[in-house]
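2 protein chains.
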Amino acid sequence: MADITVTNIDEALWHTHTPEEIAAGASQDLRYCFLVDKALQNSHGLSLGCLILPAGAELPPHTHQPQEAYFIKKGTGQLHLPDGTKRDVRENDAVYIPENERHGLVNTSDEPLELIWIFPTDSFADVTYHYEDSASQSD
Amino acid sequence: MADITVTNIDEALWHTHTPEEIAAGASQDLRYCFLVDKALQNSHGLSLGCLILPAGAELPPHTHQPQEAYFIKKGTGQLHLPDGTKRDVRENDAVYIPENERHGLVNTSDEPLELIWIFPTDSFADVTYHYEDSASQSD
């Protein structure tokens, strides 16, 4: 029987991308933590975590199979859209990203941009990121 | 083709429970808005919204079939647990609630308690709430 669990951002384990992920197109400037994830607790069907982009940092344009939602918790930035344009996002914005849709995010401000990401998956590990500018794209 | 959509809390349409829902056990003190929902945009597989409990207000203990996550965006309160006890929750807590598990929330502070709720459903309308203290429970 699964339990109700509570995980606070301030007590979570924070990660940065590995050299291998950075070589595949991920940003070296991001920090992220898992909050609800099968890797943390006996959960399934939802996974979420927190991502912090420092001032000027970018989550490069990418795609993944599952749909995703963002909740912008703090800061302002610009969201990469599928057509190559960008649009502003700000605190208290909820973003819905359909399956396989190109997206990304740039922190255009002088303050950190913090968001909650949400997938309808058991785990973040179930989501494969494809960065469009990565060397591996040419394989 | 579904689009990427952005909905801000400050521009969302806010709701209160209907007299029928209150008769079925819902609180008359809550305000909520939908942020990602099939009723709002061409989305599916994830639905989320914002709930505000004023000081002293309660989301009474209840169950529903799907699992759910909360992200506590502001304030402090106490979470009703399946065994009848409560535990403290606070800003930046992520809560995972397994399927059909009893839960609820009380704002024990003097400030509003604000949270984002998340379901792995197309819409909030797909979730049927069962309040344990409602008159309809005796049907």
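Read top to bottom, the protein sequences are chains A and B. Residues 1 to 139 (this note's numbering) are what the first sequence spells out, left to right. Residues 1001 to 1139 (this note's numbering) are what the second sequence spells out, left to right. Just so it is clear, CB atoms sit at the ideal spot from N, CA and C, and this is done for glycine as well.
Practice item. State whether the stretch 1104-1113 of chain B contacts the stretch 1074-1092 of chain B, with contact taken as three or more CB pairs (one from each stretch) at a distance under 8 angstroms. Key: The stretch 1104-1113 of chain B is in contact with the stretch 1074-1092 of chain B.
**Study point:** Buried versus exposed, by CB contacts within 10 Å (16 or more), Ala1135/B
**Key:** Caution is warranted here: a pLDDT of 48 is assigned to Ala1135/B, below 50, making its placement in the model unreliable, and no coordinate value can be reported.
Review point. In chain B, what lies closer than 8 angstroms to Asn100/A by C-beta?
Key: Simply none; closest approach about 10 angstroms.
Exercise for review: State the Cα-Cα distance for the pair Gln67/A and Trp117/A, rounded to the nearest angstrom.
Suggested key: Going from the Cα of Gln67/A to the Cα of Trp117/A covers about 11 angstroms.
Exercise for review: Taking only beta-carbon positions, decide if Tyr96/A is within less than 8 angstroms of chain B.
Suggested key: Taking a beta-carbon distance threshold of 8 angstroms, Tyr96/A counts as an interface residue toward chain B.
Check your understanding: Is the number of C-beta pairs between the stretch 85-95 of chain A and the stretch 47-59 of chain A that are closer than 8 angstroms three or more?
Key -> The stretch 85-95 of chain A, when compared against the stretch 47-59 of chain A, does not touch it at the 8 angstroms Cβ threshold.
Exercise for review: Check Glu20/A in the structure and name its three-state DSSP category.
Suggested key: In the displayed model, Glu20/A falls within a helix according to three-state DSSP.
Practice item. Taking 8 angstroms as the threshold, find out whether the stretch 1056-1066 of chain B comes into contact with the stretch 1116-1131 of chain B through three or more Cβ pairs. Key: Result yes; three or more Cβ-Cβ pairs closer than 8 angstroms.
Exercise for review: Taking all protein chains shown into account, decide if Leu13/A is buried (16 or more other Cβ within 10 angstroms of its Cβ) or exposed.
Suggested key: Its Cβ having fewer than 16 others within 10 Å, Leu13/A is exposed.
**Study point:** Ordered list of beta strand (DSSP E) runs contained in the stretch 2-61 of chain A, each at least 3 residues
**Key:** If only uninterrupted beta strand (DSSP E) runs of at least 3 residues are considered, those enclosed by the stretch 2-61 of chain A are 5-8, 31-36, 47-53.
Check your understanding: Does the Cβ-Cβ distance between Asn100/A and Gly56/A come in under 8 angstroms?
Key -> No, these two residues do not count as a Cβ contact at 8 angstroms.
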